[in-house]
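2 protein chains.
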Amino acid sequence: MAKSTASKLVPKVPGVPGVSRRQQYSASTKRALVDVAEELFTTNGYAATSLDAIVAGARVTKGALYHHFSGKQALFEAVFERVETDASKTIQKALRGSKDPWEKALAGLQAFLAVVREPSYRRIVIQEGPSVLGYERYREQEERSTFANVLEIVRSVLSAGTWELEEDMLQTFARIFFGAMSSAGESVSSADDPVAAAQRVETAIAFILQGFQALADQGVPLPGTGADEPQQLPEAAADD
Amino acid sequence: MAKSTASKLVPKVPGVPGVSRRQQYSASTKRALVDVAEELFTTNGYAATSLDAIVAGARVTKGALYHHFSGKQALFEAVFERVETDASKTIQKALRGSKDPWEKALAGLQAFLAVVREPSYRRIVIQEGPSVLGYERYREQEERSTFANVLEIVRSVLSAGTWELEEDMLQTFARIFFGAMSSAGESVSSADDPVAAAQRVETAIAFILQGFQALADQGVPLPGTGADEPQQLPEAAADD
DNA sequence: TCGACTCACATACCGCGAGTACGTACCCAG
DNA sequence: CTGGGTACGTACTCGCGGTATGTGAGTCGA
Chain A
0 MAKSTASKLV PKVPGVPGVS RRQQYSASTK RALVDVAEEL FTTNGYAATS
50 LDAIVAGARV TKGALYHHFS GKQALFEAVF ERVETDASKT IQKALRGSKD
100 PWEKALAGLQ AFLAVVREPS YRRIVIQEGP SVLGYERYRE QEERSTFANV
150 LEIVRSVLSA GTWELEEDML QTFARIFFGA MSSAGESVSS ADDPVAAAQR
200 VETAIAFILQ GFQALADQGV PLPGTGADEP QQLPEAAADD
Chain B
0 MAKSTASKLV PKVPGVPGVS RRQQYSASTK RALVDVAEEL FTTNGYAATS
50 LDAIVAGARV TKGALYHHFS GKQALFEAVF ERVETDASKT IQKALRGSKD
100 PWEKALAGLQ AFLAVVREPS YRRIVIQEGP SVLGYERYRE QEERSTFANV
150 LEIVRSVLSA GTWELEEDML QTFARIFFGA MSSAGESVSS ADDPVAAAQR
200 VETAIAFILQ GFQALADQGV PLPGTGADEP QQLPEAAADD
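Going down the list, the protein sequences come from chains A and B.
Each residue of the first sequence is one higher than the one before, counting from 0 in numbering that gives the first Met the number 0.
Each residue of the second sequence is one higher than the one before, counting from 0 in numbering that gives the first Met the number 0.
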């Protein structure tokens, strides 16, 4: 097994002027390493995947690996970045065509729930990302890819109400939704009926947004800094 | 360094009838191992913590460790379970005295945000838990401790409205809030001003719950199964 | 065209750390 | 006091990440 990957040794572009033959070969093996690593990391996890298995799958040796990457973690990082970038592109693609913020939010939510169900994204980004990269690096990566999409959606939705709110608070809301969808997506993937579970998540988050809408209609202000106003729950709000 | 821990060799209870001297010693060393492991796992992480360092800290050898635990992962699991149990107890304690669901939710939220800021809970449960234990075992553990608290709170809050909703949907909402607070808690801990960040999270979630309240007042029904009703976002709901 | 130089690997090796096999001292029942 | 079992300690193996170094195929200037 695992001899199907990286069989194309000769790249497709025949005569790119500035790129030499060696550079093409080099890039090809590097891609092969990342390909195999992504596959093995996804199925077996980071710790249970040996470098020997990776280089064997890519039909090279450790010398090649350590020529392209500084170590196992760097290789993981490359895989992580690619999975993240792909996911981000998928989501952004789903966002095109939706101009209305709410519609956009729904499309983004569906796209995110689809992405989160991909084994590679689940395992590499959500499960092992924070552990392997450390939370700081993990956050840096997320910040400029998938999380950025969530942030954009949240921004457009929240500013669609009559509110305008501070950047800190926007970030907080985005974090909340991002975490909610990640966690929910995980449970969706391992549910008995993933489709129904995804539907429930979609419904639940849509309901939350509907609550926002209702508050906007009532003219309820979005909380501000949170420094001087001890915003509390509506203990004696309306009913009961 | 690391000779301060596990210095008490003689347990405190002098004459417990059914417990022999050896059993006391045994339990003591076992606790020492878990203590040191929790400390090292928290500061250095799972992978970067060697068993040699743990047994050295507990002033025993690997023979002792492998007598009490089947391996490194089992030791981690013991640590995980203790941290989780402690967290759950802390939250439950904070819940006592609040009868009103909304008040209870606020108390629980604050308690959870406090727990999530503890280094041991962050590192062991949130960051490395899913990776080390695997998501399945991780979920099993969470299900009967901290997540159970969140579920209970969500249940009481949602059933405080005029709604009554299905178990699946409840689970979904609980997952969403649990993930939201975990993720938010992580970012809170690594924020420049954790106190202000925690305040923002509290405010944001309170706002979401306020949205629920508003919908309840409007008589908007909670979504049901999600199978036959393609619940969507309120595209043409109210304004705009 | 032909050497020197360099890059993209391959090979051989090291050290660390998880796990194991086995020895042993100590406690407790009889 | 004696056998047995428990609670460790000791010594070892082996897989794996990382390193040091060799080498042959491109590449490029003269």
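The beta-carbon is built from N, C-alpha and C at its ideal position, and this holds for glycine as well.
Per DSSP, reduced to three states, the secondary structure at Asp167 (chain A) is helical. Here DSSP, grouped into helix, strand and coil, assigns Arg143 (chain B) to coil. For the C-beta of Tyr134 (chain A), the chain B residues within less than 7 Å are, from N- to C-terminus, Gln126, Glu185 and Ser189. Using a Cβ-Cβ cut-off of 7 Å, Phe206 (chain B) counts as an interface residue toward chain A, since at least one Cβ of chain A sits closer than that to its own. When secondary structure is reduced to three states using DSSP, Pro222 (chain A) falls in the coil class, being assigned neither helix nor strand. Around the beta carbon of Ser49 (chain B), fewer than 16 other beta carbons sit within 10 angstroms, so the residue counts as exposed. With a cutoff of 7 Å on beta-carbon distance, Ala215 (chain B) and Val200 (chain B) are scored as not near each other.
In this structure, the straight-line span from the alpha carbon of Ile125 (chain B) to that of Ser119 (chain B) is close to 9 Å. Taking a Cβ-Cβ cut-off of 8 Å, the neighbours of Phe172 (chain B) in chain A comprise Ala203, given in sequence order. Rounded to whole angstroms, Thr84 (chain A) and Ala197 (chain A) show a C-alpha spacing of 23 Å. Annotated as distal: Ala52 (chain A) and Ala179 (chain B), with beta-carbon spacing of 7 Å or more. Residue-level contact check: Arg20 (chain A) does not touch chain B, since none of the beta carbons of chain B fall below 7 Å from its beta carbon. The beta-carbon separation of Pro193 (chain B) and Arg116 (chain B), rounded to 7 Å, stays under the 8 Å limit for a contact.
The C-beta of Ala147 (chain B) comes no closer than 7 Å to any C-beta of chain A. Under the DSSP assignment, Lys98 (chain B) falls outside any alpha helix (DSSP H); it carries neither an H nor an E label. Taking the C-beta atoms as reference points, Ser155 (chain B) is found no nearer than 7 Å to Pro222 (chain B).
The continuous alpha helix (DSSP H) containing Gln209 (chain A) extends over residues Pro193 to Gln217. Sequence-distant Cβ neighbours of Lys61 (chain B) in its own chain, meaning closer than 8 Å and more than five residues away, are Leu50, Asp51 and Val54.
Under the DSSP assignment, Ile53 (chain A) falls in the alpha helix (DSSP H) whose first and last residues are Leu50 to Gly56.
Sorting A:Val59, A:Phe176, A:Phe75 and A:Arg20 by C-alpha distance to the C-alpha of Leu112 (chain A) places A:Phe176 at the top. At the C-beta level, Thr145 (chain A) and Ser186 (chain A) stay beyond 7 Å of one another.
Using beta-carbon distances, Ala179 (chain B) counts as an interface residue toward chain A, with a partner under 7 Å. The criterion of a C-beta distance shorter than 7 Å is not satisfied by Val78 (chain A) and Ala57 (chain A). The beta carbon of Leu150 (chain B) lies closer than 6 Å to those of Ala173 in the same chain, with the five residues before and after it left out. The beta carbon of Val131 (chain B) is closer than 6 Å to those of Tyr45 and Phe75 in its chain, skipping five residues each way along the sequence. Taking a C-beta cut-off of 9 Å against chain A, the contacting residues of the segment 85–107 of chain B are Asp99, Trp101, Glu102, Ala104 and Leu105, listed in chain order. Leaving aside the five residues that flank Ser158 (chain B) on each side, none in its chain has a CB nearer than 6 Å to its CB. Per DSSP, reduced to three states, the secondary structure at Val59 (chain B) is coil, with no helix or strand assignment. For Ser27 (chain A), the enclosing alpha helix (DSSP H) starts and ends at Arg20 to Asn43.
For Ala57 (chain A), the closest Cβ of chain B is not nearer than 7 Å.
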